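Our numbering puts the first residue of the sequence shown at 132, with every later residue one more than the last.
Note that CB positions come from ideal geometry on N, CA and C, so glycine has one too.
Nothing here was measured: the structure is a model prediction, and the numbers come from that model.
Inspection log for the structure reproduced underneath, given as structure tokens.
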Amino acid sequence: MGYRNKSLETCWGIDVGGTSAKIGCITAGAFRIVDTLPTGVNCNPENLLKRISQLILAEKTELRAVGLGTAGLIDRAAGGVIRFSPNLPLWSGINAGDILRDLLNVPVIVDNDCNAFAIGAINSGQIPQEGLWLFVTLGTGIGGTIINQGQIVYGTGYSGEFGHSTVREGGIPCSCGSDGCWERYAGKEALQWYYKRLSGEIVPPEQISLLASMGRIPAIEAFREYGRWVGIGLANLANCFSPMGFFLGGGLSATAHLFETAAMEEYKKRCKHRWNISVLEDSPEAGAFGAASMAGSQC
């Protein structure tokens, strides 16, 4: 067998979200986004994965491996079966790994999108490779990853579903089938609901953030209520895992300066662990970069 220069090989990353799929690649240490395709609740997985495969092959790179990250319960032992997808219902039960392997004839790794994000952050040095850390993504829902000595802890395969821990018995129904889940109180819709309750208006989180920065009281109070629930969830996690600290990611982590004080106050009421929170540098590319990093490190 001839010598293969891995520095010239390309690892591809696919970040499949509820509204779009971002596709990018790492070659010679440099990452770039190649394309973004629409998804949505009616997204057909076979059709989308075929389009993505055609896009990858059209680049005519020396393909090494592919990583795919998406929200939900991912059966890695079965090769990448998506057992449950909260945002893409047609993807539940689909073996995304096998589909991509058949189309591309290369190794494929499929994992939860939060885990893929975390692997990218570990490989880039944003998350330490020593100690026990918890990574929490705040966005439409709440994702989580347990990291010990630079490695993800999977448990029986599905650990890290922090957003579906119960914070209020008999609370708001959740798409997972339970009620009172943490993400129903500290996700994007919750922030919008807190603001609506105070102002009567439904506006996007970005606008609430802008209004809070301008000193508007309803927006400030909405973030304070949001932060209180973030603190409750983090205290529960600290009491369970006693980590060295937390890293936050996801779209709402960029607003941490607006809710961190309220979160810390609530956290300190509920646990004795040190408040050690860092916000990871986030970007629309982070998920795809993490998936590509995952492919490179595991294949």
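In this structure, the beta-carbon distance from T167 to T141 does not fall below 8 Å. For R359, the enclosing alpha helix (DSSP H) starts and ends at I348 to F372. Sixteen is the threshold: when 16 or more other Cβ atoms of the shown chains lie within 10 Å of the Cβ of G358, as they do, the residue is buried. Comparing alpha-carbon positions, the option among G362, A393, K191 and I278 lying closest to L235 turns out to be K191. Among the bridge pairs identified by DSSP, Q282 is matched with N279. Taking 8 Å as the upper bound for CB-CB distance, R232 and V241 are not in contact here, some 10 Å apart. At the C-beta level, G203 and S216 come within 8 Å of one another. Judged by beta-carbon spacing, F420 lies within the 8 Å limit of G155, meaning their Cβ atoms are closer than that value. Judged by beta-carbon spacing, A227 lies beyond the 8 Å limit of L188, meaning their Cβ atoms are not closer than that value. The region 335 to 348 makes no contact with the region 243 to 258, as fewer than three CB pairs between them are under 8 Å. Of all alpha-carbon atoms in N175, I250 and G318, the one lying nearest the alpha-carbon of W360 is that of G318.
Using a Cβ distance threshold of 8 Å, V267 and I277 do not count as a contacting pair. Per DSSP, W324 is one residue of the alpha helix (DSSP H) stretching across K319 to S330. Cβ-Cβ distances below 7 Å link P374 to L263, W264 and L265 in the same chain, with the five nearest sequence neighbours on each side left out; the list follows chain order. Taking C-alpha positions only, Y325 is separated from F354 by approximately 8 Å. With contacts defined by Cβ atoms closer than 8 Å, A387 and F248 do not form a contacting pair. The Cβ-Cβ distance between Q260 and G281 falls below 8 Å.
For N243, the three-state secondary structure derived from DSSP is strand.
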